[in-house]
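S.K.: The structure follows.
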Amino acid sequence: MDEKIIILDFGSSTNQLIGRRIRGLNTYCEIVPYNKFPHGDDAVKGVVLSGSPYSVNDEEAFDIDLSEIRKRYPVLAIGYGAQYIAQLEGANVTQVDTSECGKAELSISAKDDLFEDMSRSSTVWMSHVETISDLPKNLQSIASIDNDNVAAYRIEGEPTWGVQFNPEVVDTEEGVKLFSNFLDICECKRDWTPASFVKSTVKKLKQELGDDKVILALSGGVDSSVAAVLLHRAIGENLTCVFVDH
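Residue numbers (the numbering used here): 4 to 249.
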């Protein structure tokens with residue numbers, strides 16, 4: 004696999020949608036637990052931080068050292084991810100009077116690569132009960148929504164962005180374009196297809212397994228069936244499948 008985007012999972016229910024949007028732009032991506040970043044993987048081109056059902060102000064809030072990631076890769080932080088980074092930088096994250104859930108009008112207030120060729124005003128989907136305020140000097144607000152002056156921000160001096168809306172949801176009119184711009188920032192070639200994934204996976208399996216024999220428990224579900232097909236293409240008769248009726 005030549006290049007990939009890593010999605011750090013903070014528990015959002017829309018993680019798969021984020022992945023679908025990125026793969027739909029011919030770029031491979033992997034969703035991994037927030038604390039399992041694949042350091043040392045030279046294929047990584049950029050990082051997306053997902054939203055979360057939790058608050059950054061909860062005692063049990065997710066905690067992760069992002070310093071090395073932010074030094075090496077462009078970062079797009081969504082929802083919880085955006086609030087987490089903003090709070091790390093010294094901004095306030097406080098509860099709003101009423102839950103911000105539903106369609107809203109986004110107004111872009113600054114020229115930025117993340118919003119390249121996007122409308123100055125468009126509909127987005129919001130779903131949060133807290134908001135970012137009192138930005139420190141190194142955080143620049145680049146878009147607003149109604150009374151929310153920090154719908155999106157960029158950190159000066161590094162390719163890190165935060166958005167408090169959900170670009171992955173279909174109700175966000177130009178969400179796909181935003182992801183496309185982020186992939187351009189990451190300098191992704193966008194030559195990934197499902198067929199290329201199959202080819203590279205089979206090649207990798209051949210290299211790793213060689214002449215080894217493999218026994219695979221097969222349930223008949225999608226995951227095990229796909230695994231069986233890929234393994235069979237790689238090692239042929241060296242694969243033995245055992246059906247597990249559960």
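Just so you know, even glycine gets a beta-carbon here, dropped at the ideal spot from N, CA and C.
Go through its chain and collect everything with a Cβ distance to I88's Cβ below 6 Å, but skip five positions before and after it.
M.R.: For this step, residue 88 is matched to residue 85 along the sequence shown. Correct list, in chain order: A80 and G165.
S.K.: To the nearest angstrom, how far is it from the Cα of R26 to the Cα of Y57?
M.R.: Reading the sequence shown from its first residue, position 23 is the one you call residue 26. Reading the sequence shown from its first residue, position 54 is the one you call residue 57. So the two alpha carbons sit approximately 27 Å from each other.
S.K.: What would DSSP say about K216, mapped onto helix, strand or coil?
M.R.: As a first step, residue 216 is located in the sequence shown; it is residue number 213 there, counting from the start. Correct three-state label for K216: coil.
S.K.: Inspect the CB distances between the stretch 130-150 and the stretch 101-115 and report whether three or more fall short of 8 Å.
M.R.: With a cut-off of 8 Å, the stretch 101-115 and the stretch 130-150 count as touching, because enough Cβ pairs lie within range.
S.K.: Under a Cβ-count criterion, where at least 16 other Cβ atoms within 10 Å of its own Cβ denotes burial, should N169 be classed as buried or exposed?
M.R.: Taking the sequence shown and counting its residues from 1, the one referred to as residue 169 is at position 166. Buried, because 16 or more other Cβ atoms sit within 10 Å of the Cβ of N169.
S.K.: Near S227, which residues of its chain fall below 6 Å by C-beta distance, leaving aside the five closest residues on each side in sequence?
M.R.: Position 224 of the sequence shown, counting from 1, holds the residue named residue 227. Within the same chain, S227 has close Cβ partners L221.
S.K.: Compute the distance between the beta-carbons of E119 and N29, then report whether it is under 8 Å.
M.R.: For the purposes of this step, residue 119 is taken as the residue at position 116 of the sequence shown. For the purposes of this step, residue 29 is taken as the residue at position 26 of the sequence shown. No, Cβ-Cβ distance for E119 and N29 is not below 8 Å.
S.K.: Could you name the residues of the same chain whose beta carbon sits closer than 6 Å to that of W195, not counting the 5 residues immediately before and after it, in chain order?
M.R.: Reading the sequence shown from its first residue, position 192 is the one you call residue 195. Correct list, in chain order: N29, T30 and Y31.
S.K.: So what's I21 in DSSP terms, helix, strand or just coil?
M.R.: Mapped onto the sequence shown, residue 21 falls at position 18. Helix at I21.
S.K.: I'd like the span of the alpha helix (DSSP H) that includes I238, first residue to last.
M.R.: On the sequence shown, residue 238 is found 235 positions in, with the first residue counted as 1. Segment V225 to I238, the alpha helix (DSSP H) holding I238.
S.K.: Please list, in chain order, all residues of the same chain as Y83 whose beta carbon is under 6 Å from its beta carbon, the five residues on each side excluded.
M.R.: Counted from its first residue, the sequence shown places residue 83 at position 80. Here the set comprises F13, G54 and S55.
S.K.: Can you tell me whether S122 is helix, strand or coil according to DSSP?
M.R.: Position 119 of the sequence shown holds residue 122. Here S122 sits in coil by DSSP.
S.K.: Rounding to the nearest angstrom, what Cα-Cα distance links I218 and I34 in this structure?
M.R.: Sequence index remark: in the sequence shown, residue 218 carries index 215 (1-based). Sequence index remark: in the sequence shown, residue 34 carries index 31 (1-based). Near 27 Å, if we compare the C-alpha coordinates of I34 and I218.
S.K.: Where does D68 sit, in a helix, a strand or coil, going by DSSP?
M.R.: As a working note, residue 68 is residue 65 in the sequence shown. D68: coil per DSSP, three-state reduction.
S.K.: On the DSSP letters alone, give me the boundaries of the beta strand (DSSP E) that L11 sits inside.
M.R.: Working through the sequence shown from its first residue, we reach residue 11 at position 8. Run containing L11: K7 to D12, per the beta strand (DSSP E) assignment.
S.K.: Taking the Cβ atom as the reference point for each residue, do D137 and A85 lie within a distance shorter than 8 Å?
M.R.: Mapped onto the sequence shown, residue 137 falls at position 134. Mapped onto the sequence shown, residue 85 falls at position 82. No. Outside cutoff.
S.K.: Could you check whether V179 and Q167 sit closer than 8 Å to each other, using their CB atoms as the reference points?
M.R.: Counting from 1 along the sequence shown, the entry for residue 167 is found at position 164. Counting from 1 along the sequence shown, the entry for residue 179 is found at position 176. Against a cut-off of 8 Å, the Cβ pair of V179 and Q167 comes out as no contact.
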